[in-house]
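Here the structure is laid out as structure tokens; the discussion comes afterwards.
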Amino acid sequence: MNFSLLKTKAKQFMCFGAMALSAPAMAAGGLDEATSAVQTFQIWLYGFLGVGVLVYMVYQIILAMLEKQTWGDVFIAVGKVAAAGGSIVLASWAWSIWGS
């Protein structure tokens, strides 16, 4: 499976989704509606990513239980998930300082 193509398509989908949800709201009713639409998309995206992370971790644990990989690989996967979640928190924190 070509993961670089999959990552590129996922990035394109997220960018398109953000633009598709925010542009009509800005044109139709102003900044408040656009902010609401972006926040709704953000909540949906976090839920989607949460389910994806859960499936990934269950997959890693099943592989370890079937002895296809070591438990150390499971802990590395936990670290990757924590780093990914931490990067979202770090970006939100930085935006609150230097953003609007």
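Taking mature numbering (1 follows the signal peptide of the UniProt record, and there is no 0), I'd label the letters of the sequence shown as residues -27 to -1, 1 to 73.
Ideal Cβ placement from N, Cα and C applies to all residues, glycine included.
Residue environment, residue i, which counts as buried when at least 16 other CB atoms sit within 10 Å
{"i": "residue 95", "result": "The chain is shown from -27 up to 73; residue 95 falls before or after that span and cannot be answered."}
{"i": "Thr10", "result": "The sequence given here has Ala at residue 10, not Thr. So Ala10 counts as buried."}
Pair within 7 Å by beta-carbon distance, residue i and residue j
{"i": "Ile34", "j": "Val47", "result": "yes"}
Straight-line Cα distance separating residue j from residue i
{"i": "Ala67", "j": "Thr13", "result": "21 Å"}
{"i": "Leu63", "j": "Tyr29", "result": "22 Å"}
{"i": "Val54", "j": "Ser60", "result": "10 Å"}
{"i": "residue 74", "j": "Leu18", "result": "Past the boundaries of the shown model lies residue 74; the chain is included only from -27 to 73, so the question cannot be answered."}
{"i": "Met38", "j": "Gly45", "result": "12 Å"}
{"i": "Trp71", "j": "Gly3", "result": "24 Å"}
{"i": "Leu36", "j": "Val26", "result": "15 Å"}
{"i": "Ser69", "j": "Gly52", "result": "25 Å"}
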